[in-house]
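In our numbering, the protein residues as written are -14 to 544.
Beta carbons are placed, not taken as given, at the ideal position from N, Cα and C, and that holds for glycine.
So the structure is just underneath, and the comments pick up after that.
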Amino acid sequence: MTTLDTTLKEGLYFLPLGGSGEIGMNLNLYCCDGKWLMIDCGISFADDRAPGIDVIVPDPAWIAARREDLLAIIVTHAHEDHVGAVARLWPQFRCPVYTSPFTAEILSLKLAEEGLGDEVEVNVIAPGSSMAIGDFHIDFVDLTHSIPEMQALMITTPYGRVLHSGDWKLDPDPVVGPSSNLAKMQRVSEAGVLAMICDSTNVFKEGVSGSELAVQDSLDVLLRDIPTGRIAVTTFASNIARLKTIAYVAERNDRHVVLVGRSLHRMTGAAKKAGYLNDLPPFLDEKNAGHIPRDKILLLCTGSQGEPRGAMARIARGEHAHIELSEGDTVIFSSKVIPGNEKSLYGLHNQLTESGVNVITEADEFVHVSGHPAREELTDMYRIVKPKIAIPVHGEARHIRAHCELALSLGVEQAIEITNGNVLKLAPGDAKIIDDVLSGRLAVDAGGLTPLDGEFLSTRRRLVYNGSISGVVIVNDKGEITEDPIIRLRGVLDENLFPDLQKELCKQIMTSHNQLKKQDKLDDGKVEETAHNAVRRVFRRLAGRRPITDIYVIRFEEE
-14 MTTLDTTLKE GLYFLPLGGS GEIGMNLNLY CCDGKWLMID CGISFADDRA
36 PGIDVIVPDP AWIAARREDL LAIIVTHAHE DHVGAVARLW PQFRCPVYTS
86 PFTAEILSLK LAEEGLGDEV EVNVIAPGSS MAIGDFHIDF VDLTHSIPEM
136 QALMITTPYG RVLHSGDWKL DPDPVVGPSS NLAKMQRVSE AGVLAMICDS
186 TNVFKEGVSG SELAVQDSLD VLLRDIPTGR IAVTTFASNI ARLKTIAYVA
236 ERNDRHVVLV GRSLHRMTGA AKKAGYLNDL PPFLDEKNAG HIPRDKILLL
286 CTGSQGEPRG AMARIARGEH AHIELSEGDT VIFSSKVIPG NEKSLYGLHN
336 QLTESGVNVI TEADEFVHVS GHPAREELTD MYRIVKPKIA IPVHGEARHI
386 RAHCELALSL GVEQAIEITN GNVLKLAPGD AKIIDDVLSG RLAVDAGGLT
436 PLDGEFLSTR RRLVYNGSIS GVVIVNDKGE ITEDPIIRLR GVLDENLFPD
486 LQKELCKQIM TSHNQLKKQD KLDDGKVEET AHNAVRRVFR RLAGRRPITD
536 IYVIRFEEE
């Protein structure tokens, strides 16, 4: 047991292992007298810094080593950055999971994919209810979001009360699910709130985030102005409110909705099992799209961020088995551009435009609202909850700092900038960061999880940016090179631009080898190292690159 573990045996603490200092990959931990409660366990999506990787999860090693004291996992809602890592990481925790009916449907699909469907104890909790786990008493409070059953958590402990907001907004006209239950939020806050751990995504946005009903009205008008051709709309498959909006306006404009993309079928199926979307006309399968007149169809597609394997990108490339778009058709991107996706998404926009397809984005028309609170909504929540301490999460460093400044301007006594791995003591005594623990990111790759900053992915990045070289050096039992070394390049440079390259490589290897001492020429390791360094020097001089280089020595005995 470490000194920190001894300290944690008394008091209330907060520890994020994901989702603080970043947007996505949420994993939050609360400790009360040595017992832990995990809130959310989500994924993030990889960028160019992790070639060949799609999904990233938080490194759970620190809490996994203390799993005998981990009481449960509570999942606030069904977005991937909150629930997506539960199935992958649960074998390291092996504790009960608590969540709402809709989120439980999504989670059950993920658990089944990992072969854990019958192993994990998933407890379904009615939205707006209450429960106790050890010394944690939790009141679930409905808040609106872009997905059903988002539950904020008022966590009551012997040391005080903490509001964990989850993702939220104050939508006065939600399309799916109830409005935010601010009356209950007021009621559960009346006894005093020590701290609020709160969403920071839209802290730079003035005003309010906007209502889904307003998007519905705008899309309705937009579709009426597009009387001919196919219409395709792409959005996040998890945005159940938007899926209902699109289905509603399609029906009003005499168009049949065709689902294009596996994740849309999964999400709508789960929503219907949980009692949502059942008042809509049935969705059609993409295989039936060809039988519907072009002006009577609305294609609801995955791939709103330009993902290469998303349905929209495959349609744009002409590679989709059942769906095609042609000149005069229209594609509506009913989503925001997630930072980091600009290049792939704008490339997709251009590809569609070059094919004669009309492209409409949120920059052109009112086709999207965020699911996160803008500054006016944050202000309203602080005035309702009145926490003594503000702890912004779900944001990068600049979001968290701006959120702290906003909270202090609203009269909050203390605002703490926190990042993954910080151990924050909340009570008793003054709130302060007392330690740092291991936190990090793991890439989901073939066979399991690998550190994002480990040697394996470092080598893969070097291969992407520098290429690779393999070579064979043949020597006899006297240590003499008997044949020209064989060198093969992959992605290092264009050999057509360097016609004398192979001769130069052979020359450098031979020269370096001949400078070796006699005993070193009889050492395969020395011969390999010398040839390796000679090859690398050539490419540093020619291209400034350090390709992955493998040299193999073959030694034979002369008769």
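Cutting at 8 Å between CB atoms, please list the residues of its own chain near residue i, excluding the five before and the five after it.
i: S196; result: D156, P157, D158, P159, V354
i: Y537; result: S455, G456, V457, V458, E513
i: R549; result: A question about residue 549 goes unanswered here, because the residues of the chain that appear run from -14 up to 544.
Return the chain-ordered list of same chain residues with a C-beta closer than 6 Å to the C-beta of residue i, the five sequence neighbours on each side being excluded.
i: I459; result: T467, E468, I539
i: P43; result: L2, G3, M10, L12
i: I385; result: S185, P377, E402
i: R445; result: P36
i: M297; result: T219, C286, G288
i: I123; result: M116, L138, I140
i: L244; result: H250, F268, L285
i: G464; result: K506, L507
i: D127; result: P112, G113, P163, N166
i: V242; result: A232, A235, F268, L283, L285
i: I472; result: G456, L490
i: G425; result: D44
When DSSP builds the beta bridges, which residues end up paired with residue i?
i: P1; result: N13
i: S115; result: D124
i: T142; result: G145
i: N343; result: T315
i: D420; result: V408
i: S455; result: R473, D535
i: M23; result: L14, I58
i: H241; result: I282
i: Y108; result: First, the residue type needs correcting, since residue 108 is Asn and not Tyr in the sequence shown. Answer by DSSP bridge pairing, in chain order: Y83.
i: L427; result: V42, P436
i: V460; result: I466, R540
i: E7; result: G380
i: F30; result: V40
i: Q136; result: D127
i: A400; result: A375
i: K154; result: T129
Might you give, ordered along the chain, the residues of its own chain that have their beta carbon closer than 7 Å to the beta carbon of residue i, omitting 5 neighbours on each side?
i: S114; result: F125
i: V523; result: E489, L490, Q493
i: L258; result: Sequence check: residue 258 is Lys here, not Leu. Cβ neighbours of K258 beyond the five flanking positions: E90.
i: E480; result: L474, L486
i: R73; result: V42, E99, V429
i: L333; result: G291, M297, A298, A301
i: A359; result: N187, K190, E191, G192, V193, S194
i: D547; result: In the structure as shown, the chain starts at -14 and stops at 544, and residue 547 therefore has no counterpart that could be examined.
i: T515; result: S497, H498, L501
Would residue i be called buried (16 or more neighbouring beta carbons within 10 Å of its own) or exposed?
i: A31; result: buried
i: T129; result: buried
i: Q504; result: exposed
i: H62; result: buried
i: H578; result: Nothing in the structure corresponds to residue 578, since the chain is present only between -14 and 544.
i: L208; result: buried
i: E191; result: exposed
i: G151; result: buried
i: S311; result: exposed
i: E175; result: exposed
i: Q171; result: exposed
i: A348; result: exposed
i: D210; result: exposed
i: N407; result: buried
i: M252; result: buried
i: A412; result: buried
i: T546; result: The chain is shown only over -14 to 544; residue 546 falls outside these bounds and no answer can be derived.
i: Y(-2); result: buried
i: Y450; result: exposed
Query - Contact between the stretch 208 to 226 and the stretch 277 to 293 (3+ Cβ pairs under 8 Å) - result: Flag = yes, the stretch 208 to 226 and the stretch 277 to 293 touch.
Query raised in the report: Between the stretch 362 to 372 and the stretch 198 to 209, do at least 3 Cβ pairs fall closer than 8 Å?
Result: In this structure the stretch 362 to 372 does not touch the stretch 198 to 209; the number of beta carbon pairs closer than 8 Å is below three.
Query raised in the report: Are there three or more Cβ pairs, one per stretch, closer than 8 Å when the stretch 99 to 110 is compared with the stretch 73 to 84?
Result: In short, these stretches touch, since the Cβ pair count reaches three.
Query - Three or more C-beta pairs below 8 Å linking the stretch 417 to 425 and the stretch 489 to 497 - result: They do not touch, by the three-pair rule.
Report task. Please go through the stretch 170 to 226 and give each complete alpha helix (DSSP H) segment of 4 or more residues, from N-terminal end onward. Result -> Qualifying alpha helix (DSSP H) stretches, in chain order: 197 to 209.
Requested in this report: Mind the definition here: the stretch 129 to 142 touches the stretch 49 to 58 only if three or more C-beta pairs lie below 8 Å; say whether that holds.
Outcome: Contact between the stretch 129 to 142 and the stretch 49 to 58 is absent: fewer than 3 CB-CB pairs across the two stretches fall below 8 Å.
**Report entry** the stretch 302 to 315 / the stretch 256 to 264 touching (three or more Cβ pairs under 8 Å)
**Finding:** With contact defined as three or more Cβ pairs closer than 8 Å, the stretch 302 to 315 and the stretch 256 to 264 are not in contact.
Requested in this report: Indicate whether the contact test is met: 3 or more Cβ pairs, each with one atom in the stretch 13 to 32 and one in the stretch 134 to 153, closer than 8 Å.
Outcome: Yes: the two stretches touch, three or more of their Cβ pairs being nearer than 8 Å.
Query raised in the report: Does the stretch 162 to 177 come close enough to the stretch 336 to 349 to have 3 or more Cβ pairs within less than 8 Å?
Result: Touching, no, given that fewer than three Cβ pairs across the two stretches are closer than 8 Å.
Query raised in the report: If you scan the stretch 318 to 393 from start to end, which runs of the alpha helix (DSSP H) of 4 or more residues do you find wholly inside it?
Result: Runs found: 327 to 339, 360 to 370.
**Report entry** Cβ contact check for the stretch 220 to 231 and the stretch 241 to 252: 3 or more pairs under 8 Å
**Finding:** Judged by Cβ distances under 8 Å, the stretch 220 to 231 makes contact with the stretch 241 to 252, as three or more pairs qualify.
**Report entry** Any beta strand (DSSP E) of 3 or more consecutive residues that is wholly inside the stretch 232 to 277
**Finding:** Segments of the beta strand (DSSP E) lying fully in the stretch 232 to 277: 241 to 245.
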